[in-house]
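Quick notes on the structure that follows.
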Amino acid sequence: MIAAMFAAGFLSAAVNAVAGGGTFLTFGVLTLAGLPPVAANATSSIIQFPGYITSTLAYFRDFRRLWRSALPLGIVSLVGSLLGALFLMSLSDADFRGMVPWLLLAATIVFAAGPWLRPKHLGERHAPGIVGLAAQTATSIYGGFFGAGMGIMMLASLGLAMGGDYHRLNAIKNFLAIVIALVAIIVFSAADAVAWTHAAIMLPAAALGGYAGVHFAKRAPQALLRWMVVACGLGLSIYYFLTG
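Per the working numbering, residue 1 is the first one in the sequence shown, and the count goes up by one each step.
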């Protein structure tokens with residue numbers, strides 16, 4: 001199980017760096033390791049954090065030209081993530097367990113629809129509008145609460161908010177993921193909801209996977225990886241429906 005956890009940490013961060021969906025892997029392996037749903041979700045948020053940082057560093061040349069545009073999106077992401085994390089902490093394991101298969105199925109559908117959700121032919125804009133800020137607020141509430149599929153949701157909302165090419169949007173997405181995850185980590189840690197022993201196994205792997213994932217994103221076709229994540233999401237959804 002330790003080897004499976006390490007592998008899931010690496011692969012989840014690599015997948016998140018490419019687009020999103022890595023939480024399917026970490027949440028799944030943590031529940032299989034015996035953690036209750038709320039603890040598995042909170043711990044999964046911790047595990048993703050170093051991968052978001054190393055992914056952002058790998059995109060540093062792109063991001064340093066974009067930080068002024070990303071700042072208002074970061075502010076609404078902070079607020080939204082706080083609301084989502086607090087809502088999760090208000091639920092019992094039983095309540096959250098009943099929501100998990102529906103959340104996973106919805107996130108899987110959104111992730112599978114990613115190529116159609118991502119706007120094409122939009123010119124680059126330097127500042128997000130009201131619609132873009134509202135979309136990012138909603139995405140960050142979801143990210144603070146659960147997070148599976150958050151990356152592709154952000155790529156879609158950022159495309160609407162700012163336009164531009166994939167790597168520009170991905171650089172901003174990775175930065176906003178840091179903000180969302182950091183707020184969630186603070187809330188979950190304060191509520192003593194994190195399984196730190198499990199996190200310690202997976203955190204180093206996530207840091208390596210986040211950096212490697214950006215280089216993979218810049219070189220490899222993404223269709224195969226996307227459908228592997230979709231298969232994982234569907235499999236987990238079926239598992240939680242059948243065992244609920």
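C-beta atoms are modelled at their ideal positions from N, C-alpha and C, and glycine is treated no differently.
{"Asked": "Distance between beta carbons of I47 and L203, contact taken as under 8 Å", "Found": "6 Å"}
{"Asked": "Whole-number beta carbon distance between I178 and I53, since they are thought to touch under 8 Å", "Found": "6 Å"}
{"Asked": "Boundaries of the alpha helix (DSSP H) in which F27 is found, first to last residue", "Found": "T23 to L32"}
{"Asked": "Candidates R61, G28, S237 and I109, of which the one nearest I172 by Cα", "Found": "R61"}
{"Asked": "T31 vs S12 beta-carbon contact at 8 Å", "Found": "no"}
{"Asked": "Presumed contact (8 Å Cβ cut-off) between F49 and I201, rounded CB distance", "Found": "Contact doesn't hold; Cβ gap of about 15 Å is too wide."}
{"Asked": "Rounded straight-line distance, which links the Cα of M99 to that of T108", "Found": "14 Å"}
{"Asked": "N-terminal and C-terminal residue of the alpha helix (DSSP H) that V38 is part of", "Found": "P37 to A58"}
{"Asked": "Inter-residue CB distance, G143 and I180 (contact presumed, cutoff 8 Å)", "Found": "4 Å"}
{"Asked": "Assigned exposure category for M1 - 16 Cβ within 10 Å defines buried", "Found": "exposed"}
{"Asked": "Beta-carbon contacts of L103 that lie in its chain and below 8 Å, excluding the five residues immediately before and after", "Found": "F146 and A148"}
{"Asked": "Inter-residue spacing [alpha-carbon to alpha-carbon] between V38 and L88", "Found": "8 Å"}
{"Asked": "Proximity below 8 Å, CB of S69 to CB of G213", "Found": "no"}
{"Asked": "Rounded separation between I141 and A113 - CA only", "Found": "20 Å"}
{"Asked": "Cβ shell of R40 (< 7 Å), same chain only, five flanking positions each side left out", "Found": "First, the residue type needs correcting, since residue 40 is Ala and not Arg in the sequence shown. F27, L30 and T31."}
{"Asked": "Residue closest to P36, alpha-carbon to alpha-carbon, out of L208, H198 and G233", "Found": "H198"}
{"Asked": "Residue from A195, V187, V110 and L208 with nearest C-alpha to M154", "Found": "V110"}
{"Asked": "Cut-off 7 Å between Cβ atoms - residues of its own chain near S77, not counting five sequence neighbours on either side", "Found": "Q136, S140, L176, V179 and I180"}
{"Asked": "Endpoints, alpha helix (DSSP H) assigned at A134", "Found": "I130 to F145"}
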